[in-house]
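Since the structure comes first, as structure tokens, the remarks are kept for the end.
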Ligand SMILES: [Zn+2]
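In the UniProt record's numbering, the protein residues as written are 1 to 218.
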């Protein structure tokens, strides 16, 4: 879901006429108040695959933090696929000099995913990264016709995991065709679908994260 989201986000930015920002260092793309950087922006051909070994990937991760002309940021969000590999260690190492606020851990409700995320939590503990909380994604499907919620997968895995790990549970985000559609089409989800079932869930999670991590404005 997160990987697909990232892909869709890049597509949506391209589709909505973003511009590369020219400053010293690597240009990032700017869309209203959000700046983005992705390896996809550096590829000439969108079908190209990066077949790189660890050291080269790790160097690129470091450059994404230090060599991109980010300008003044309130928050830097790094979206990573699930895992506890070299890339995740490289990301934590690259961010360490900037005292990262912590990790937001996303799981789906099923036991298999919860198992993966338990390893993520161990990874955070071992690397000294604070866990801001756990979010359960794809948590039920609210029928757009009758508003009844069907738990397509099981339910409650995220909350159980957070309780077990002693970290905050931040909320559940239901499957929402409007959210997927707005990512695919590059539409502003919050403006165009304020009545969507995922909106109150995302809003409340964002509020909880922001209350833990107020922007450190200088
Ligand atoms: Zn229905």
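Glycine included, every Cβ here is placed at the ideal spot set by N, Cα and C.
What you are looking at is a predicted structure, and each value in this text was computed from that prediction instead of being measured.
Quick one: is the Cβ of residue i within less than 7 Å of any heavy atom of ligand 1?
| i | result |
| --- | --- |
| residue 145 | yes |
| residue 120 | no |
| residue 148 | yes |
Determine the DSSP secondary structure at residue i, reduced to helix, strand or coil.
| i | result |
| --- | --- |
| residue 136 | strand |
| residue 3 | Low confidence applies here, because residue 3 scores a pLDDT of 30, under 50, leaving its location unreliable and the question unanswered by this model. |
| residue 40 | helix |
| residue 117 | helix |
| residue 108 | coil |
| residue 150 | strand |
Among the residues of its own chain, which have a CB less than 7 Å from the CB of residue i, if the five just before and after it don't count?
| i | result |
| --- | --- |
| residue 156 | 109 |
| residue 116 | 82 |
| residue 84 | 119, 120 and 123 |
| residue 193 | 178, 182 and 199 |
Which residue comes first and which comes last in the alpha helix (DSSP H) that contains residue i?
| i | result |
| --- | --- |
| residue 204 | 198-212 |
| residue 64 | 54-66 |
| residue 91 | 86-95 |
| residue 182 | 177-185 |
| residue 128 | Counting along the chain, residue 128 falls outside any alpha helix (DSSP H), and DSSP gives it neither H nor E. |
| residue 189 | 189-192 |
Would residue i pass as an interface residue toward chain B - the criterion being a Cβ-Cβ separation below 8 Å?
| i | result |
| --- | --- |
| residue 137 | Given the protein chain composition of this structure (a single chain), no chain B is represented. |
Kindly list the residues whose CB is nearer than 6 Å to the CB of residue i, restricted to its own chain and excluding five residues on each side of it in sequence; keep chain order.
| i | result |
| --- | --- |
| residue 120 | 105 |
| residue 58 | 90 |
| residue 170 | 133, 135, 205 and 208 |
| residue 62 | 94 |
| residue 101 | 213 |
| residue 168 | 133 |
Can you tell me where the beta strand (DSSP E) with residue i in it begins and where it stops?
| i | result |
| --- | --- |
| residue 158 | No beta strand (DSSP E) contains residue 158, which is instead part of the alpha helix (DSSP H) from 157-165. |
| residue 172 | 169-172 |
Should residue i be counted as a contact of ligand 3 given a C-beta to heavy atom distance under 7 Å?
| i | result |
| --- | --- |
| residue 84 | In the structure on display, ligand 3 does not appear, and the ligands it does have are ligand 1. |
By Cβ distance, which residues of its chain are closer than 8 Å to residue i, with the 5 residues on each side in sequence left out?
| i | result |
| --- | --- |
| residue 165 | 118, 121, 131 and 134 |
| residue 86 | 54, 57 and 58 |
| residue 160 | 114 |
Give a yes or no on contact between the stretch 153-171 and the stretch 134-141, applying the rule of three or more CB pairs nearer than 8 Å. Here the stretch 153-171 makes contact with the stretch 134-141; the two share three or more CB pairs at distances below 8 Å.
Whether or not the stretch 116-129 and the stretch 177-191 are in contact is what I'm after, with contact meaning three or more pairs of Cβ atoms, one per stretch, closer than 8 Å; do they touch? The stretch 177-191, when compared against the stretch 116-129, does not touch it at the 8 Å Cβ threshold.
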